[in-house]
Amino acid sequence: MPWLIVTLGYLLGSIPTAYIAERLLKGRDIRQMGDGNMGAANAFQQLGAKTGVAVGIIDAGKGTLAILIAQTATLPQIAILITGLAAVVGHNWPIFIGFRGGRGEATTIGILLTLITKPLLIVAGPSLVVLAITKKVTIASIFLFVPLPLVCWWLKVPGVLIIYSLALPCLVGFTHFLTTRQVRTSSSRGT
2 MPWLIVTLGY LLGSIPTAYI AERLLKGRDI RQMGDGNMGA ANAFQQLGAK TGVAVGIIDA
62 GKGTLAILIA QTATLPQIAI LITGLAAVVG HNWPIFIGFR GGRGEATTIG ILLTLITKPL
122 LIVAGPSLVV LAITKKVTIA SIFLFVPLPL VCWWLKVPGV LIIYSLALPC LVGFTHFLTT
182 RQVRTSSSRG T
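Start counting the sequence shown at 2; every next residue gets the next number (our numbering).
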């Protein structure tokens with residue numbers, strides 16, 4: 002049963018929210034627009050604030066739902082955490098549209114909000130201020146994810162969740178690195 006739930010987590014993460022929104026509203030492939038990212042930030046730029054925020058909330062909801070399903074199934078904690086990871090992997094490499102997705106920031110936020118609500122809310126305030134000032138999701142994400150493990154430690158969150166609060170954002174950072182490298186490579190080739 003745990004692997005069935007983990008697979009479900011991946012499939013939930015694979016639902017291409019920004020792609021569906023762009024197709025329905027503009028008839029285009031969001032991966033061919035803006036920075037090519039299939040996430041809330043690109044949806045915000047391409048489709049406007051309301052749609053971008055809606056995509057972000059739905060993407061966060063994918064992570065939250067994956068965790069809640071795993072918890073409801075009374076899986077061991079490690080299986081619950083793997084289910085959350087699977088949702089981020091699904092968002093970043095979705096099976097439904099050729100394994101080219103987003104960076105997983107919103108999905109990661111949904112997962113962490115469900116598992117470590119108080120620490121995430123503490124770091125969310127400064128992160129939102131940075132987002133309002135800079136208008137850059139990447140910089141705001143740094144202000145959200147970098148201090149999070151320290152806040153978890155300060156609040157005496159169990160060690161496995163402190164490690165998880167570090168590991169998931171590392172996956173987001175790795176995906177961001179890969180995406181940035183692809184964009185630079187494409188730009189240098191003139192494509």
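Every residue, glycine too, gets a C-beta built ideally from N, C-alpha and C.
_Buried or exposed for Gln47, going by 16 or more other Cβ atoms inside 10 Å?_
Taking the sequence shown and counting its residues from 1, the one referred to as residue 47 is at position 46. So Gln47 ends up on the buried side.
*Which same chain residues, not among the five before or five after Arg29, have their C-beta less than 6 Å away from its C-beta?*
As a first step, residue 29 must be located in the sequence shown, where it is residue number 28. Cβ contact annotation for Arg29 (same chain, cutoff 6 Å, sequence separation greater than five): Glu23, in chain order.
*Member of Pro17, Thr109, Arg101 and Ala168 whose CA lies at the smallest distance from the CA of Ile68*: Here residue 68 refers to the residue found at position 67 when the sequence shown is read from its first residue. Comparing Cα positions, the closest option is Thr109.
*Return the chain-ordered list of same chain residues with a C-beta closer than 8 Å to the C-beta of Leu129, the five sequence neighbours on each side being excluded.*
Counting from one through the sequence shown, the residue named residue 129 turns up at place 128. Answer for Leu129: Ala141, listed in chain order.
*In the DSSP assignment, find the unbroken alpha helix (DSSP H) run with Val158 in it and report its ends.*
Here residue 158 is taken as the residue at index 157 of the sequence shown, counted from 1. First-last for Val158: undefined, no H or E at that position.
*Please name the residue, chosen from Pro3, Val173, Leu121 and Leu5, that lies closest to Trp94 on a Cα-to-Cα basis.*
What you label residue 94 is simply residue 93 of the sequence shown in a count that begins at 1. Checked all of Pro3, Val173, Leu121 and Leu5; the closest Cα to Trp94 is Val173.
_Let me confirm a value: Cys153 is counted as buried when at least 16 other C-beta atoms fall within 10 Å, else exposed. Which label applies?_
Looking up residue 153 in the sequence shown gives position 152. Here Cys153 is buried. Its C-beta has 16 or more other C-beta atoms within 10 Å.
*Taking just the CA atoms, how far does Val56 sit from Gly35?*
Within the sequence shown, the letter at position 34 stands for residue 35. Within the sequence shown, the letter at position 55 stands for residue 56. Rounded to the nearest whole angstrom, the CA to CA distance from Gly35 to Val56 is 16 Å.
*Under three-state DSSP, which class holds Phe100?*
Within the sequence shown, the letter at position 99 stands for residue 100. In the structure shown, Phe100 falls within a coil segment according to DSSP collapsed to helix, strand and coil.
*Any idea what DSSP makes of Leu121, helix, strand or coil?*
On the sequence shown, position 120 is the one that residue 121 refers to. Three-state result, Leu121: helix.
*Quick one: residues in its chain with C-beta nearer than 6 Å to the C-beta of Leu121, no 5 flanking neighbours on either side, listed in chain order?*
Your numbering for residue 121 matches position 120 in the sequence shown. Leu113 and Leu114, listed in sequence order.
_Tell me the rounded alpha-carbon separation between Pro148 and Val89._
Mapped onto the sequence shown, residue 148 falls at position 147. Mapped onto the sequence shown, residue 89 falls at position 88. Each residue's alpha carbon lies about 20 Å from the other.
*Applying the criterion that 16 or more other CB atoms from any shown protein chain within 10 Å of the CB defines a buried residue, is Val194 buried or exposed?*
Residue 194 falls outside the range modelled here, since the chain spans only 2 to 192, and no answer is possible.
*Of all the options Gly99, Val158 and Ile81, which has the alpha carbon lying nearest to the alpha carbon of Leu9?*
Taking the sequence shown and counting its residues from 1, the one referred to as residue 9 is at position 8. Residue Ile81 holds the alpha-carbon nearest to the alpha-carbon of Leu9 among Gly99, Val158 and Ile81.
*asked:* I need the straight-line Cα distance from Leu151 to Gly126, nearest angstrom please.
replied: Counting from one through the sequence shown, the residue named residue 151 turns up at place 150. Counting from one through the sequence shown, the residue named residue 126 turns up at place 125. Between Leu151 and Gly126, the C-alpha separation is close to 16 Å.
*asked:* Suppose you measure from the CA of Ile117 to the CA of Leu162; what does that come to, to the nearest Å?
replied: In the sequence shown, the residue the question calls residue 117 occupies position 116. In the sequence shown, the residue the question calls residue 162 occupies position 161. Taking the straight line from one Cα to the other gives about 8 Å.
*From Gln78 to Leu86, what distance separates their C-alpha atoms?*
Against the sequence shown, residue 78 aligns to sequence position 77. Against the sequence shown, residue 86 aligns to sequence position 85. Inter-residue distance for Gln78 and Leu86 is about 12 Å (C-alpha atoms, whole angstroms).
_Ser15 beta carbon less than 7 Å from that of Gly103_ = Looking up residue 103 in the sequence shown gives position 102. Looking up residue 15 in the sequence shown gives position 14. For the pair Gly103 and Ser15, the CB atoms are not nearer than the 7 Å cut-off.
*Residues in its own chain within less than 7 Å of Phe144 by CB, not counting five upstream and five downstream?*
The residue you call residue 144 lines up with position 143 of the sequence shown. Same-chain partners within the cutoff: Pro127, Ser128 and Val131.
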